[in-house]
Amino acid sequence: MNIGSEAQYRNMVKELNVDEGESSEPVSPTGQYFNSSVLSICVLAVLDSDIPIDDSPALALLKDVFLPINPRFCSLMVKDENGVKQWKKVEVKLEDHVNIPNFPPGLSPASYDNHLSNYLSKIAMEQLPHNRPLWNIHIIKYPTSNAAGNLIFKLHHSLGDGFSLMGALLSCLQRADNPSVPLTFPSLTSAPTTTSLSLKTNCIFKNIPNVLWSAFNTVSDFGWSLLKSSYVEDDISLIRSGGPGVEFKPIVVSTMTFSLDHIKQIKTKLGVTINDVITGIIFFGTRLYMQGGSNKLNSENSTALVLLNTRNIGGYKSVKEMVKPDPESAWGNQFGFLHVSLPELTTVESCKPLDFVWKAQKLIQRKRNSRAVFLTGQLLECLRKFTGPEWNEWHWLIIQLKACILWWSAYLRV
1 MNIGSEAQYR
11 NMVKELNVDE
21 GESSEPVSPT
31 GQYFNSSVLS
41 ICVLAVLDSD
51 IPIDDSPALA
61 LLKDVFLPIN
71 PRFCSLMVKD
81 ENGVKQWKKV
91 EVKLEDHVNI
101 PNFPPGLSPA
111 SYDNHLSNYL
121 SKIAMEQLPH
131 NRPLWNIHII
141 KYPTSNAAGN
151 LIFKLHHSLG
161 DGFSLMGALL
171 SCLQRADNPS
181 VPLTFPSLTS
191 APTTTSLSLK
201 TNCIFKNIPN
211 VLWSAFNTVS
221 DFGWSLLKSS
231 YVEDDISLIR
241 SGGPGVEFKP
251 IVVSTMTFSL
261 DHIKQIKTKL
271 GVTINDVITG
281 IIFFGTRLYM
291 QGGSNKLNSE
301 NSTALVLLNT
311 RNIGGYKSVK
321 EMVKPDPESA
331 WGNQFGFLHV
341 SLPELTTVES
351 CKPLDFVWKA
361 QKLIQRKRNS
371 RAVFLTGQLL
381 ECLRKFTGPE
391 WNEWHWLIIQ
401 LKACILWWSA
411 YLRV
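For what it's worth, full-length UniProt numbering labels the leading residue of the sequence shown as 1, then goes sequentially.
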């Protein structure tokens, strides 16, 4: 968010009833990047309802259930007198955040599928207003092929990552068997083991090759991310035109439905995670799309920006646990990113998609075993401290030097 002058800031404070004396919370570095003059990222979440949606209790539920979850849902991102972005609480006019579109009546579910897709594309391109909290809700009261109604959340990514926002959603729900009991989910636990000193020593020596390999991957992946961010470009293909101003062209949101049971079957057969299966499916579908409907396999160099969760957690955490002092997993954006080259699709893999999913999993697993994602986080923090979230090409040249220092420091530490 850009506030051009002190006078403009004062006028906004007065107009929005912002209490300047009230304590504020600084915006995290990632939150500032996600809401700058060059970047604005939002999350679209679509919930299907088996029954028609009654919108009459919407405002009361938002006031009593949604807003109390976290102060950011009733806060603006503003700049203080030092130019540092802060979360400032304001009075929320809920009517401005609830949207109920009108579609033509009496159409078939298939027709409403198209209307829903067009509506998603429309709101995906719209910027959230900066003069009110950064979220909106859209209530779709028309039956589609998959649901009797839909509830769409559009939340700015600066509010939190997927783990935080899913925690907020689950905090609005209650158990069907006993509403007074908090929600619980299975956690990832490992059985305790007893190991002798000699076995521990052998394990240390056996892990030396893994440590060295991880160090090599860290340096390689971090350097490759720097090159892809500044110098090395992907090939021109059906998913990259290379033309100027592509970010301002219209987009279309398309959806596909996959059976969770089928995904679990693939997970069990390959011995991978559900995220690995979904990532492999996305990569496979992208490669098929790049073929342009022909049988000729393509080998264009294309890169995906994969986000990796950096939380060291073993299961679900409630919002209360995330916002308490010194939490195990705090509310906010806690992830890093890596550039991952899309695996090439061979003739055999086009007939056996599971082979391609397996190859993609191996690639992602290698990326997970490197520490490049954490070095990238340090680089972004250096970038924020040196230039702020608004930066240009001249800033990037200096950051390259800092990156090289980080890169060689990581290598020497190994």
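Even glycine gets a Cβ: it sits at the ideal position worked out from N, Cα and C.
Asked	Found
Coarse secondary structure for Lys359, derived from DSSP in three states	helix
Neighbourhood of Arg132 by C-beta, 8 angstroms cutoff - its chain only, sequence neighbours within 5 removed	Leu16, Leu76, Val90, Val92, Lys93, Asp96, His97
Contact under 8 angstroms by Cβ, Ser302 with Asp234	yes
DSSP three-state assignment for Val272, whether helix, strand or coil	coil
Limits of the alpha helix (DSSP H) - the one that Gln86 falls within	Where Gln86 is concerned, there is no enclosing alpha helix (DSSP H), although the beta strand (DSSP E) it sits in stretches over 85 to 89.
Element boundaries [alpha helix (DSSP H), containing Leu94]	Taken as a continuous stretch (DSSP letters only), Leu94 belongs to no alpha helix (DSSP H), as it is neither H nor E.
For Glu25, the residue or residues it bridges with in DSSP	Trp87
Length of the line joining the Cα atoms of Trp331 and Phe66	15 angstroms
Euclidean distance between Cα positions of Lys352 and Glu344	14 angstroms
C-alpha distance - residue 430 paired with Met290, whole-angstrom precision	No answer is possible for residue 430: it lies beyond the span of the chain, which begins at 1 and ends at 414.
N-terminal and C-terminal residue of the beta strand (DSSP E) that His157 is part of	Per DSSP, His157 belongs to no beta strand (DSSP E) and is neither H nor E.
Distance between His130 and Val253 (C-alpha atoms, nearest Å)	24 angstroms
CB-CB length for Trp224 against His339, believed under 8 angstroms	6 angstroms
Leu342 vs Thr376 beta-carbon contact at 8 angstroms	no
Beta-carbon spacing of Ile140, Pro101 below 8 angstroms	yes
Simplified DSSP assignment, three categories, for Ile281	helix
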